[in-house]
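Okay, so here's the structure we're looking at.
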Amino acid sequence: MQGYDDPGDPGDPRDPAVELIEPEDFLPPNPFPLDAQRMGIDRWSDNAGMIAVASSLDPAKRWHKVVAWLMLVGVVSWTLLTAWAQITG
3 MQGYDDPGDP GDPRDPAVEL IEPEDFLPPN PFPLDAQRMG IDRWSDNAGM
53 IAVASSLDPA KRWHKVVAWL MLVGVVSWTL LTAWAQITG
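Residue numbers for the sequence shown follow our numbering, so the first one is 3 and each next one is one higher.
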């Protein structure tokens, strides 16, 4: 029979010396800016992927600016097409 290591008495969980493991310790870091987190946007929100990509862009890099403009054109054109369809249809 194999022995095991006795962890001993963990003590009182309210003791500051006791480190408790939270479920958030196993999740990856939140990629969203603080403004988005304050609004309640997390990785399971609608359009969270687009917000995560947009928040990771660096304005000092030329290709990141190109991607940002393409994303802006995509969102605005979709909005204008939807509005045009509602007005004329």
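The beta carbon of each residue, even a glycine, is placed where N, CA and C say it ideally should be.
Cα-Cα separation between residue 33 and residue 90, rounded to whole angstroms:
Between residue 33 and residue 90, the C-alpha separation is close to 40 Å.
May I have the straight-line CA-CA distance separating residue 60 from residue 79, to the nearest angstrom?
Rounded to the nearest angstrom, the two C-alpha atoms are 24 Å apart.
Specify, as a first and last residue, the run of the alpha helix (DSSP H) that residue 46 falls within.
From DSSP, residue 46 is part of no alpha helix (DSSP H); its letter is neither H nor E.
Identify the continuous alpha helix (DSSP H) that holds residue 76 and give its terminal residues.
Taken as a continuous stretch (DSSP letters only), the alpha helix (DSSP H) holding residue 76 covers 64–90.
Cβ-Cβ separation, residue 56 to residue 122 (assumed contact under 8 Å), whole Å
No answer is possible for residue 122: the residues shown for the chain start at 3 and end at 91.
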